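Notes follow the structure.
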Amino acid sequence: MKTFCGRANPTTGSMEWLEEGEDYDYHQEIARSRYADMLHDKDRNVKYYQGIHAAVSRVKERGEKAIVLDIGTGTGLLSMMAASAGADFCYAIEVFKPMANAAVKIVEKNGFSDKIKVINKHSTEVTVGPDGDMQCRANILVTELFDTELIGEGALPTYEHAHKYLVQEGCEAVPHRATVYVQLVESRRMWSWKKLFPVHVEAEDGEKILVPPSEMENCPGLPSVCDIQLNQMPSGDFSTLSDVVKMFSVDFSKPVQSASTCYRVQLEAVKSGKAQIVLSWWDIDMDPSGMINCSMAPYWVKPTSALQWRDHWMQCVYFLPREKPVLQGEKLHLTACRDEYSVWYNLQKARADEEEQKADVCVQSPVCRCRAHLLWNRPRFGELNDQSRTRQYVKSLRKVLKTDSICLCISDGSLLPVLAHYLGAKQVQCVQPSRIDLFHPHELWQAFFKANNLEDKIKIIEVRPELLKPSHLEDKKISVLVGEPFFTTSLLPWHNLYFWYARTAVSSHLASNVTVLPQSASLHMMIVEFQDLWRIRSPCGICEGFDVRTMDDMIKDSLNFRESKEAEPHPLWEYPCKSLSEPQEVLTFDFTKTVPDHCLSTEGSVKLLRKGKSHGAVLWMEYHLTADISVSTGLMKLSNEKGNCEWNPHCKQAVYFFSSVIESEILSDPTAVEYAMNFDTKTGEIAMDFKL
944 MKTFCGRANP
954 TTGSMEWLEE
964 GEDYDYHQEI
974 ARSRYADMLH
984 DKDRNVKYYQ
994 GIHAAVSRVK
1004 ERGEKAIVLD
1014 IGTGTGLLSM
1024 MAASAGADFC
1034 YAIEVFKPMA
1044 NAAVKIVEKN
1054 GFSDKIKVIN
1064 KHSTEVTVGP
1074 DGDMQCRANI
1084 LVTELFDTEL
1094 IGEGALPTYE
1104 HAHKYLVQEG
1114 CEAVPHRATV
1124 YVQLVESRRM
1134 WSWKKLFPVH
1144 VEAEDGEKIL
1154 VPPSEMENCP
1164 GLPSVCDIQL
1174 NQMPSGDFST
1184 LSDVVKMFSV
1194 DFSKPVQSAS
1204 TCYRVQLEAV
1214 KSGKAQIVLS
1224 WWDIDMDPSG
1234 MINCSMAPYW
1244 VKPTSALQWR
1254 DHWMQCVYFL
1264 PREKPVLQGE
1274 KLHLTACRDE
1284 YSVWYNLQKA
1294 RADEEEQKAD
1304 VCVQSPVCRC
1314 RAHLLWNRPR
1324 FGELNDQSRT
1334 RQYVKSLRKV
1344 LKTDSICLCI
1354 SDGSLLPVLA
1364 HYLGAKQVQC
1374 VQPSRIDLFH
1384 PHELWQAFFK
1394 ANNLEDKIKI
1404 IEVRPELLKP
1414 SHLEDKKISV
1424 LVGEPFFTTS
1434 LLPWHNLYFW
1444 YARTAVSSHL
1454 ASNVTVLPQS
1464 ASLHMMIVEF
1474 QDLWRIRSPC
1484 GICEGFDVRT
1494 MDDMIKDSLN
1504 FRESKEAEPH
1514 PLWEYPCKSL
1524 SEPQEVLTFD
1534 FTKTVPDHCL
1544 STEGSVKLLR
1554 KGKSHGAVLW
1564 MEYHLTADIS
1574 VSTGLMKLSN
1584 EKGNCEWNPH
1594 CKQAVYFFSS
1604 VIESEILSDP
1614 TAVEYAMNFD
1624 TKTGEIAMDF
1634 KL
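Rendered as structure tokens:
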């Protein structure tokens, strides 16, 4: 059976469906899975083990056999914990076939084949009875079905079904309960991920202010949660407006309802400000008494306890439909609504005549009506709101634009056409190559132009660059070609080099003395030691006394499935690292010329200057707008002797994890890392190889 996989094509700026072998999906899922991260989560593993041990003991004390149902077993770790704690039998359910096969091998290797049966089915398809998958209902329910939002992976319907059909009434559950906590905050930084702020431009004839259209101002945005490593958010970037409060709890030992519902709590504003954001996280009690607790609380909530790093469970940022001014001491009602898979919030001022019980009316899930939230993701909103970045573009446009400039902008959802108009270009046109399936982005821009009285000033050309005709440009040649560049289909930093392919496609429409902005780009690289991110690719070996090396081998095989290993995108502002080498420019791309037919290759070595573990290489692009103005999509600042890095918070950087880690201790004889890079101009992809 063939699999069709969507992949961004950097040479066309669009998503393409490629036919892959039947193993491709499996390998991709395993290679990019977070299994290693979970197995390295010591806090989670220890608490689960303690909770399972206690549950088995409680059942045994009642004189019953301990029959365990483990839904979503993965490696079989929790079932092996149950068996070693004295459970009589475990049914371990795993729907993902390669994972179920691995679990069978791991269970066998650890000597539990007589106590654990791995069932490769979805739990809703499992049968109970003499001829069924399970001989009888279980009296201990063990699961790990949670994501950062708690319910996003379908935990509620799975529990609902299990209580109805697979476990006994009054069963033990590990975890026993989950509690969701919330805190109301004001944060210009986080709010900038949801709405566009007015953009200030210093033009020849005074300051111009670009304002978003009213439909964007009043749009509630998208319902999807924004999950981030809140522990990397500096305390100066937000202001807490309420104490932490419990929003709702789910008791997993009793029948669970997955139907949509609402919860309401009363808050008191601890200071005055603008309520914009609800920060949220959860904890799980592994036992009924709550003595065995595993918490996702961020650093300011439990400042005295050591934080366990994990990437599979983070914290949630929810955007209120609109900001609300609140006064210190004011009573507020926060409503949480949920369906089977997601949660959203609404805030109202408390009225004296209202009861403080559960909310009567469910607030509808937010729907984007302004279209901007469908075009721009949250980091992109942040990027467009970054005034210092905008100033770099304004400064460089001012250098290249003349009063007779005919300007063409090629970028998705960019403000550059408006900036070019404000800065005096005679004529401005734009092409937005990436097609958004849900709507045509030009409708959003028409609303934008209308809100700023620019309807007849900027022309949107609705064709792809390669289909551009002289008539689209009124038979005029382009004197200034601009791009940020930014394209919605780009996944890795160099995918935005599509601008170069688009520039090549429109070359017949360019004046002989055309100015291209950016004039060039360069790929940069640095060897780093990660504080924690290395865990997601690090072999686990023995986990809580159980041998899970079969899983390590499986991940390794999947990572090596393609002939060459690939870099993967990560937002490194969330994942601290220190540089072990100086940043190095490895490839350059000249936008004043067309894309060459031949590949661009380079090889060399980079010296390690600091002590540390070389976990991998970080790669990013820098765009040289003019000879002396550049913008970086990666490293912004390399501080102090320790090599601490500050990364562009609006972009994902590319991380290439080394298959083996070298530890450099003595620097009198510096170690070097050799590299080879090849940019294939036919595919727009970069193949890379490193030797330690």
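Count along the sequence shown from 1, then add 943; that gives the number in my numbering.
Glycine included, C-beta positions come from ideal geometry on N, C-alpha and C.
Nothing here was measured: the structure is a model prediction, and the numbers come from that model.
Taking a cut-off of 8 Å for Cβ pairs, the region 1401 to 1414 and the region 1339 to 1348 do not touch, as fewer than three such pairs fall below it. Boundaries of the alpha helix (DSSP H) harbouring D1496: 1492 to 1502, taken from the DSSP string. Here the region 1142 to 1162 does not lie against the region 1243 to 1259, with fewer than 3 beta-carbon pairs under 8 Å apart. Take the alpha-carbon of H1385 and the one of Y978: they are about 42 Å apart. Looking at the DSSP output, A1240 bridges to nothing. Residue environment analysis places D1013 among the buried positions, since at least 16 neighbouring C-beta atoms fall within 10 angstroms of its C-beta.
By the Cβ-count criterion, I1485 is exposed, with fewer than 16 other Cβ atoms from all chains shown falling within 10 Å of its own Cβ. Apart from the 5 residues on each side of it in sequence, S1433 sits with its Cβ closer than 6 Å to the Cβ of N1439 in its chain, given in chain order. In the DSSP annotation of this structure, the continuous segment of the alpha helix (DSSP H) that includes M981 starts and ends at 978 to 982. Only exposed fits M1579, as fewer than 16 other CB atoms lie within 10 angstroms of its CB. Judged by their CB atoms, I1353 and F1442 are nearer to each other than the 8 Å cut-off. The region 1426 to 1450 is shown to contain no whole beta strand (DSSP E) run of 3 or more residues. D1623 is bridged by DSSP to E1628. A contact between stretches requires three or more CB pairs, one per stretch, nearer than 8 Å, and the region 1521 to 1534 fails this requirement with the region 1479 to 1496. Taking 8 Å as the cut-off, the Cβ atoms of C1237 and K990 count as close. Between W1136 and F1324, the C-beta gap is smaller than 8 Å, which places the two residues in contact.
Leaving aside the five residues that flank C1313 on each side, the residues in its chain whose CB is nearer than 6 Å to its CB run, in chain order, E1158, M1159, C1162. Taking 3 residues as the minimum length, the beta strand (DSSP E) runs contained wholly in the region 1046 to 1091 are 1059 to 1062, 1081 to 1086, in order along the chain. W1388: member of the alpha helix (DSSP H) spanning 1385 to 1394, first to last residue. Distance from the CA of R1265 to the CA of E1068, rounded to the nearest whole angstrom, comes to 43 Å. If you look at Y1108, you'll find it in the alpha helix (DSSP H) that goes 1098 to 1108. Between I1421 and L1453, the gap from beta carbon to beta carbon is short of 8 Å. A check of alpha carbon separations from G1547 across G1488, A1619, D1228 identifies A1619 as the nearest.
Rounded to the nearest angstrom, the Cβ distance from D1031 to K1064 is 22 Å, too far for a contact under 8 Å. Boundaries of the alpha helix (DSSP H) around T1333: 1330 to 1343. Burial of D984 is indicated by the presence of at least 16 other C-beta atoms within 10 angstroms of its C-beta. Exposed is the label assigned to L1410, since fewer than 16 other Cβ atoms lie within 10 Å of its Cβ.
Take the alpha-carbon of V1471 and the one of H1558: they are about 6 Å apart. Taking the Cβ atoms as the reference, I1235 lies roughly 4 Å from M1229, within the contact range of under 8 Å. G1216 has its alpha-carbon roughly 49 Å from the corresponding atom of M1024. Comparing alpha-carbon positions, the option among W1563, A1028, V1260, V1011 lying closest to G1488 turns out to be A1028. With a 10 Å radius around the Cβ and a threshold of 16 neighbouring Cβ atoms, P1118 comes out buried. For A1121, the enclosing beta strand (DSSP E) covers residues 1120 to 1129.
Under the criterion of beta carbons closer than 8 Å, L1318 and L1387 qualify as touching, at roughly 6 Å. Per DSSP, I1227 is one residue of the beta strand (DSSP E) stretching across 1216 to 1228. Here R1294 is exposed. Its C-beta has fewer than 16 other C-beta atoms within 10 Å.
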